[in-house]
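Read the structure below first, then the notes.
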Amino acid sequence: MSTTLVKPAEVERKWYLLDAAGKSLGHVAAEAAVLLRGKQKVDYTPNVDCGDFVVVINCDQAVLTGKKAEQKFHITHSKYIGGLKKVQYGKLMAEHSDLAMTYAVKGMIPSNTIGAKALTRLHCYQ
């Protein structure tokens, strides 16, 4: 029995629709990350981008468990002096819940070119 390696031209991509209404933000993000990487496929190859397209709807109805709304922050830095910005996740979910979902998924995929390509196939809507 030989190992099957998929070539980039042979990858078949499907579209998946995830509904985040009433579900935990992290659980939906983890499911989306697996689909974006293509790890649910039988012919998964780590060095080939074989993931699928993912559409996440109702991001504004996703739930933050515990005290994450007040205690968890999204932190960015502009690389200039005094350029640190901190936003509470509760405020981020109220104003831009699609960005909160994108940030959660981005933290669950690899930080390389395959991960960057996978992130372009993620579509989040409030």
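Take the sequence shown: its position 17, counted from the start at 1, is 1221 in the working numbering, and no numbers get skipped. Every residue gets a Cβ at the ideal spot worked out from N, C-alpha and C, and that includes glycine.
{"Asked": "Measuring alpha carbon to alpha carbon, tell me which of K1271, K1283, G1311 and R1241 ends up nearest W1219.", "Found": "R1241"}
{"Asked": "So D1253 and S1301 are supposed to be a Cβ contact under 8 Å. How far apart are they, rounded?", "Found": "With 8 Å as the limit, D1253 and S1301 do not qualify as a contact, their Cβ atoms being about 27 Å apart."}
{"Asked": "Here's a check: name, in chain order, each residue in its chain whose Cβ is nearer than 7 Å to the Cβ of T1280, leaving out the five neighbours to either side.", "Found": "K1289"}
{"Asked": "DSSP beta-bridge partners for L1303?", "Found": "L1303 pairs with nothing; no bridge assigned."}
{"Asked": "Kindly indicate which residue of V1259, A1304 and R1217 has the alpha-carbon position closest to the one of T1276.", "Found": "Correcting the residue identity first, residue 1276 is Lys in this sequence and not Thr. Per the Cα distances, A1304."}
{"Asked": "May I ask which residues mark the beginning and end of the beta strand (DSSP E) holding V1259?", "Found": "F1257 to I1261"}
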